[in-house]
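Peer 1:
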Amino acid sequence: MTQSNQRRKVTVEDLLQLKRAERPDPEFWSKFEVELRQKQLAALVEQRPWWQQLPQFLSRRAYLPLGATAVIAFTLVSVRHYQPEQSMASDVEALSTSAPLSAPVVTRSETVAPQNAAGAAQGHDELPLDDRTPVAPVQLSERLPARTGELVPWSAPQVTETPSARSIAANLARLEENEPELVNQLLAGGLGHTSQTVQTSSHAVEMAAVSALSSRHNRVLAQLAERQFTPDPSAPEVVRERLTRRLGDMELAGGWTRVGVKGDRVSLKF
Amino acid sequence: MNLSKVFAKTLVTSPERQQEADADFTIVKRVQAGDVAAFDLLIRKYRERLFGVVYNLTSNRDDTADLVQDAFIKAFQSINRFQGQSSFFTWLYKIAVNTTLSHLRKNKLRTFFSLEKIQEDEPSSEILAQLTDKTGADRDAYLRELQEKLNEALQKLSIKHRTVITLFEIDGLSHGEIAEIMECSEGTVRSRLHYAKQFLQGELGKYLR
């Protein structure tokens, strides 16, 4: 058997073993150590700028809960602000498009102007209470159409999705036919005192917007409109007198606190 | 399989490796406590192995020296973040490999090869004896040619394949350790290893006999 036959076959692994044997001489390591020492000292002295430390901070696991919290917070805030804004904008748009600009205006805050409506839609819906000085009786029917279908502009189909605004407008119009004075008082001063409970104004547009937010107010107004504010003929004379006097009283519209809702019933405190 | 390779594979799964990791972690704790000089122990312990890995990835001596130094500096700067969840040497290898891969990606076109002298200790001399029966100057020329061909073949591999075969065949790490260092699965490591060996066999067929 020849010598070459005695050799075992050389493999790739064997060749790569030679790479393992490639090592630098000892002088290399002395130089290496000196250079490393210098770099180490420089690294100790050097103040790293914040943008170089930022990736290290971000690479830590702390950013995970922070990021999750931020995403959740953003989602909650956006969802919370998105829906009311849309409904308020649609309500305001419905009323403002149906109201003529030349309609008689009672108070500055009641002016149904597109710019106010736009401001209300953007959340800038609060005016100083001092500005709400009553000037003249309101002809609500001029500003609010009696039929709910007229509220909906053809180019804004989303308005039809807010029945609260339509029902409020219809209820107010019906109420105005029966009790114009009450409506005047309600619109002129009554709603102005409700700022403690709800941030509303006497503005009809804002009222619709507020009512869209609060179904309870909506129900109260609807039932107020349906109710005939006439004393029960079967009641005693004293009671009827008192009711008549109180219904004409300015304080009737003095606050929503007089209106109570229990289940399907509406009660008025005198 | 020669003795050194068997020893390297045994180390990977042996309790000695665990003891080594524990000893390293003790030193790391000293460094974390403020004993900066203790880091020199880790440097002396791992500098040659780190040099071997980086050198076989770059095939350039000067670049290797810089990259190994940078890896040690980075490890020193980040030593407080080391919690002992992996062994220190795996963590250090990861830093060195990532530093090297980043350097290689930045300098794809700049390739200057340099050759280290083969230290003819027992395993390498045995292989050399099998490779050639030449002596004297002929043998040196043959070895130089073989080194150059080896380097060329390795450099033709992609960075990832080169890293895998370097860590496995030259440095003797296990599949699991390589997977941890390269942040991939063991299957991926095996696949890359298989492809790299096939490629090298094709490139170095002349020397395989």
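The listed protein sequences derive, respectively, from chains Y and F. Note that this note's numbering has the first sequence beginning at 69, numbered continuously upward. Note that this note's numbering has the second sequence beginning at 39, numbered continuously upward. Using N, Cα and C, we set each Cβ at its ideal position, and we do this for glycine too.
1. Closer than 8 Å, CB to CB, is residue 115 of chain F near chain Y or not?
2. Helix, strand or coil for residue 78 of chain Y per DSSP?
3. I want to see whether chain Y comes within less than 8 Å of residue 89 of chain F, judged by CB atoms only; does it?
4. Do you know how far the Cα of residue 110 of chain F is from the Cα of residue 103 of chain F?
5. Kindly identify the DSSP beta-bridge partner or partners of residue 105 of chain Y.
6. What residues match up with residue 330 of chain Y in a beta bridge as DSSP calls it?
7. From the beta carbon of residue 70 of chain F, is the nearest beta carbon of chain Y less than 8 Å away?
8. Is the stretch 74-92 of chain Y in contact with the stretch 196-208 of chain F, if contact means three or more CB pairs nearer than 8 Å?
9. Name the chain F residues whose beta carbon is nearer than 8 Å to that of residue 231 of chain Y?
10. Can you tell me the Cα-Cα spacing of residue 335 of chain Y and residue 148 of chain Y, whole angstroms?
11. Interface residues of chain F around residue 95 of chain Y at Cβ under 8 Å?
12. Do you know offhand how far residue 123 of chain F's Cα is from residue 55 of chain F's?
13. Helix, strand or coil, according to DSSP, for residue 145 of chain F in the structure here?
14. By how many angstroms is the C-alpha of residue 137 of chain F removed from the C-alpha of residue 127 of chain F?
15. If you count every other CB in all the chains shown that lies within 10 Å of the CB of residue 141 of chain F, and 16 or more means buried, which is it?
16. Please check if any C-beta of chain F sits within less than 8 Å of the C-beta of residue 111 of chain Y.
17. Could you tell me if the beta carbon of residue 87 of chain Y falls within a distance shorter than 7 Å of some heavy atom in the ligand SAM?
18. With distance defined between alpha-carbon atoms, name the residue in F:97, F:82, F:118 nearest to residue 146 of chain F.
19. Looking only at its chain, what residues have a beta carbon closer than 7 Å to the beta carbon of residue 204 of chain F, apart from the 5 residues adjacent to it on each side?
20. Using the rule of at least 16 other Cβ atoms within 10 Å of the residue's Cβ for burial, across every protein chain shown, is residue 232 of chain F buried or exposed?
21. Does residue 75 of chain F get closer than 8 Å to chain Y when you measure Cβ to Cβ?
22. Can you give me the Cβ contacts of residue 236 of chain F inside the same chain, cut-off strictly under 7 Å, excluding the 5 residues immediately before and after it?
23. I think residue 219 of chain F touches residue 83 of chain F, with their Cβ atoms under 8 Å apart; what is that distance to the nearest whole Å?
24. Can you check whether the CB of residue 80 of chain F is closer than 8 Å to the CB of residue 65 of chain F?
25. Under three-state DSSP, which class holds residue 134 of chain Y?
26. What does residue 99 of chain F reach in chain Y if we use C-beta pairs closer than 9 Å?
27. Do you know how far the Cα of residue 177 of chain F is from the Cα of residue 244 of chain F?
28. Quick one: is residue 75 of chain F buried, meaning 16 or more other Cβ sit within 10 Å of its Cβ, or exposed?
29. Could you name the residues of the same chain whose beta carbon sits closer than 7 Å to that of residue 214 of chain F, not counting the 5 residues immediately before and after it, in chain order?
30. Take the Cβ of residue 191 of chain F as the centre, count every other Cβ of all protein chains shown within 10 Å, and call the residue buried at 16 or more, exposed below.
31. Please check the pair residue 80 of chain Y and residue 239 of chain F, which I expect to be a contact at CB under 8 Å, by giving their CB distance rounded to whole angstroms.
32. Tell me which residues share the same chain as residue 332 of chain Y and place their Cβ nearer than 8 Å to its Cβ, disregarding the 5 neighbours each side in the sequence.
33. For a cutoff of 8 Å on Cβ pairs, would you count residue 104 of chain Y as touching chain F?
34. Within 8 Å of any Cβ in chain Y, is that where the Cβ of residue 93 of chain F sits?
35. Just reading off the alpha helix (DSSP H) that residue 120 of chain F is part of, what are its end residues?
36. Hey, could you find the ends of the alpha helix (DSSP H) residue 217 of chain F is sitting in?
Peer 2: On the basis of the supplied data:
1. Against the second sequence, residue 115 of chain F aligns to sequence position 77. Yes, residue 115 of chain F counts as interfacial toward chain Y.
2. Numbered from 1 along the first sequence, position 10 holds the residue referred to as residue 78 of chain Y. Residue 78 of chain Y falls in the coil class under three-state DSSP.
3. In the second sequence, residue 89 of chain F corresponds to position 51, counting from 1. Chain Y contact via Cβ: present.
4. Walking along the second sequence from the start, residue 103 of chain F turns up at place 65. Walking along the second sequence from the start, residue 110 of chain F turns up at place 72. Rounded to whole angstroms, residue 103 of chain F to residue 110 of chain F spans 11 Å at the Cα level.
5. For the purposes of this step, residue 105 of chain Y is identified with residue 37 of the first sequence, where counting begins at 1. Residue 105 of chain Y is not bridged to any residue.
6. Residue numbering aside, residue 330 of chain Y sits at position 262 when the first sequence is read from its first letter. Y:333, per the DSSP bridge assignment.
7. What you label residue 70 of chain F is simply residue 32 of the second sequence in a count that begins at 1. Answer no: the Cβ-Cβ gap between residue 70 of chain F and chain Y never drops below 8 Å.
8. yes
9. Looking up residue 231 of chain Y in the first sequence gives position 163. What residue 231 of chain Y touches in chain F: nothing, since even the nearest Cβ is about 58 Å away.
10. Within the first sequence, numbered from 1, the residue matching residue 335 of chain Y stands at position 267. Within the first sequence, numbered from 1, the residue matching residue 148 of chain Y stands at position 80. If you take the alpha carbons of residue 335 of chain Y and residue 148 of chain Y, they lie about 32 Å apart.
11. Numbered from its first residue, the first sequence carries residue 95 of chain Y at position 27. Going along chain F, no residue has its Cβ under 8 Å from residue 95 of chain Y, so there is no contact; the nearest lies around 12 Å.
12. The count along the second sequence starts at 1 and reaches residue 123 of chain F at position 85. The count along the second sequence starts at 1 and reaches residue 55 of chain F at position 17. So the two alpha carbons sit approximately 15 Å from each other.
13. Here the question's residue 145 of chain F lines up with position 107 in the second sequence. Looking at residue 145 of chain F - three-state DSSP - the assignment turns out to be coil, as it is neither helix nor strand.
14. Mapped onto the second sequence, residue 127 of chain F falls at position 89. Mapped onto the second sequence, residue 137 of chain F falls at position 99. Looking at the two C-alpha atoms, the distance is approximately 15 Å.
15. For the purposes of this step, residue 141 of chain F is identified with residue 103 of the second sequence, where counting begins at 1. Residue 141 of chain F should be labelled buried.
16. Within the first sequence, residue 111 of chain Y is the residue found at index 43, counting from 1. Yes - at least one Cβ of chain F is within 8 Å of the one on residue 111 of chain Y.
17. As for the ligand SAM, it is missing from this structure, which has no ligand bound.
18. What you label residue 146 of chain F is simply residue 108 of the second sequence in a count that begins at 1. It is F:97 whose Cα lies nearest to the Cα of residue 146 of chain F.
19. Here residue 204 of chain F corresponds to residue number 166 of the second sequence, with the count starting at 1. 91, 94, 95, listed in sequence order.
20. Looking up residue 232 of chain F in the second sequence gives position 194. Under this definition residue 232 of chain F is an exposed residue.
21. Within the second sequence, the letter at position 37 stands for residue 75 of chain F. Cβ-Cβ to chain Y under 8 Å: no for residue 75 of chain F.
22. Within the second sequence, the letter at position 198 stands for residue 236 of chain F. Correct list: empty, nothing qualifies.
23. As a first step, residue 219 of chain F must be located in the second sequence, where it is residue number 181. As a first step, residue 83 of chain F must be located in the second sequence, where it is residue number 45. Between residue 83 of chain F and residue 219 of chain F the Cβ distance is about 18 Å, and since that is not below 8 Å, they are no contact.
24. Stepping through the second sequence from its first residue, residue 65 of chain F is reached at position 27. Stepping through the second sequence from its first residue, residue 80 of chain F is reached at position 42. Result yes, Cβ atoms of residue 65 of chain F and residue 80 of chain F sit closer than 8 Å.
25. As a first step, residue 134 of chain Y must be located in the first sequence, where it is residue number 66. DSSP places residue 134 of chain Y in helix when its eight states are reduced to three.
26. Within the second sequence, numbered from 1, the residue matching residue 99 of chain F stands at position 61. Result: 92, 96.
27. On the second sequence, position 206 is the one that residue 244 of chain F refers to. On the second sequence, position 139 is the one that residue 177 of chain F refers to. Cα to Cα, residue 244 of chain F sits roughly 16 Å from residue 177 of chain F.
28. Position 37 of the second sequence, counted from the start, is the residue given in the question as residue 75 of chain F. So residue 75 of chain F ends up on the exposed side.
29. By 1-based counting over the second sequence, the position of residue 214 of chain F is 176. 224, listed in sequence order.
30. The residue you call residue 191 of chain F lines up with position 153 of the second sequence. Flag for residue 191 of chain F reads buried.
31. Position 12 of the first sequence, counted from the start, is the residue given in the question as residue 80 of chain Y. Position 201 of the second sequence, counted from the start, is the residue given in the question as residue 239 of chain F. About 5 Å; that satisfies the 8 Å criterion.
32. Residue mapping note: residue 332 of chain Y aligns to position 264 of the first sequence, counting from 1. Hits under 8 Å: none found.
33. Here residue 104 of chain Y is taken as the residue at index 36 of the first sequence, counted from 1. With 8 Å as the cut-off, residue 104 of chain Y counts as an interface residue toward chain F.
34. If you number the second sequence from 1, residue 93 of chain F lands on position 55. Interface residue, yes.
35. Locating residue 120 of chain F in the second sequence gives position 82, where the first residue counts as 1. That residue, residue 120 of chain F, is in no alpha helix (DSSP H); it is neither H nor E in DSSP.
36. Indexing the second sequence from 1 puts residue 217 of chain F at position 179. Element bounds for residue 217 of chain F: 213-220.
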